[in-house]
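A.B. asks: Just dropping this structure here.
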Amino acid sequence: MVKVIKGVLLQCDPTVKQVILNLDERDHFIIEDLDETHVFVEASCVEKVKKSLEDLLEENTYKFESQPPNNKD
Amino acid sequence: VIDQIRLWEMERNRLQASEGHLYEQFRCQADYDNVLRYAQTLGVVLWSNARKCMFVVTEVGHQQVRAFIQKRIAQRK
Chain A
259 MVKVIKGVLL
269 QCDPTVKQVI
279 LNLDERDHFI
289 IEDLDETHVF
299 VEASCVEKVK
309 KSLEDLLEEN
319 TYKFESQPPN
329 NKD
Chain B
42 VIDQIRLWEM
52 ERNRLQASEG
62 HLYEQFRCQA
72 DYDNVLRYAQ
82 TLGVVLWSNA
92 RKCMFVVTEV
102 GHQQVRAFIQ
112 KRIAQRK
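Below is the structure:
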């Protein structure tokens, strides 16, 4: 009557989703591409996806984070 | 600076992960509607899409939804 699959629901903005789709091309962990902001994936890949995303964001914010702290008033 | 921190925080929270079960391939729209309505009254639905006839329920909700479906199948026999 119905099919049930265990996994993890990822909710994200469309940009992050694009990154996830790109990662999937290599590792194929997506079970179902639900909509613009949701994907259903294998539980085992979540940590890896998070890490990859973190690394990417780290790259993008590196310049800002490495600036010296603002002078105190 | 506060705006920047907020932006940074938003970026950090861009991905939300929740364990759950995906229900799909319902035999008919009525089955889908019925089970989804039950899951909704339990408040365990994380995501649903009527056009695709799919929904995702939380880990906790899955036990109850499964029991509900099994009961329905048993009644039909």
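In order, the protein sequences belong to chains A and B. Heads up: the first sequence begins at 259 in our numbering, then just goes up one per residue. Heads up: the second sequence begins at 42 in our numbering, then just goes up one per residue. All C-beta atoms, glycine included, are put in the ideal place defined by N, C-alpha and C. Keep in mind it's a predicted model, so treat the numbers as computed, not measured.
Which one of B/Tyr79, B/Ser89, B/Tyr73 has the shortest CA to CA distance from A/Glu294?
C.D. replies: Cα-wise, what sits closest to A/Glu294 is B/Ser89.
A.B. asks: In the structure shown, what three-state DSSP assignment does B/Gln66 receive?
C.D. replies: It is coil, neither helix nor strand.
A.B. asks: Only counting the same chain, and skipping five residues up and downstream in sequence, which positions put a Cβ closer than 7 Å to that of A/Asn318?
C.D. replies: For A/Asn318, where only same-chain residues beyond five positions count, there are no Cβ hits under 7 Å.
A.B. asks: I'd like to know if B/Val101 contacts chain A, where contact means its C-beta is closer than 9 Å to some C-beta of that chain.
C.D. replies: Not an interface residue.
A.B. asks: Since B/Cys94 sits in a beta bridge, which residues does DSSP pair it with?
C.D. replies: Note: B/Cys94 sits in no beta bridge, so no partner.
A.B. asks: Using a Cβ-Cβ cutoff of 8 Å, what residues of the segment 51 to 70 of chain B are near chain A? List them in chain order.
C.D. replies: Listed in sequence order: Glu52, Arg53, Arg55, Leu56, Gln57, Ala58, Ser59, Glu60, Gly61, His62, Leu63, Tyr64, Glu65, Gln66, Phe67, Arg68.
A.B. asks: For the segment 80 to 98 of chain B and the segment 271 to 288 of chain A, state whether three or more C-beta atom pairs, one from each stretch, are separated by less than 8 Å.
C.D. replies: Because the criterion of three Cβ pairs below 8 Å is not met, the segment 80 to 98 of chain B and the segment 271 to 288 of chain A do not touch.
A.B. asks: Residues of chain A with CB closer than 8 Å to the CB of B/Asn90, please, in chain order.
C.D. replies: Within chain A, the residues near B/Asn90 are Leu292, Asp293.
A.B. asks: Let me check understanding here. Comparing Cα to Cα, which of B/Val42, B/Leu63, B/Arg55, B/Ala58 lies closest to B/Gln104?
C.D. replies: Residue B/Leu63 is the option with its Cα nearest to B/Gln104.
A.B. asks: Chain B partners of A/Leu314, CB-CB under 8 Å?
C.D. replies: Result: empty, since nearest Cβ-Cβ is about 10 Å, beyond 8 Å.
A.B. asks: Output yes or no for whether 9 Å exceeds the beta carbon distance between A/Leu281 and B/Gln57.
C.D. replies: Cβ distance not < 9 Å, so A/Leu281 and B/Gln57 don't count as in contact.
A.B. asks: What's the C-alpha gap between B/Phe67 and B/Ala91?
C.D. replies: Rounded to whole angstroms, B/Phe67 to B/Ala91 spans 11 Å at the Cα level.
A.B. asks: Find the residues of chain A that neighbour B/Val97, judging by a C-beta separation of less than 7 Å, and give them in chain order.
C.D. replies: Near B/Val97 (Cβ distances below 7 Å), the residues of chain A are Leu267, Phe298.
A.B. asks: Do we get a CB-CB distance below 9 Å when we pair B/Arg47 with the residues of chain D?
C.D. replies: Checking the listed chains, one finds no chain D in this structure; the protein chains it contains are A and B.
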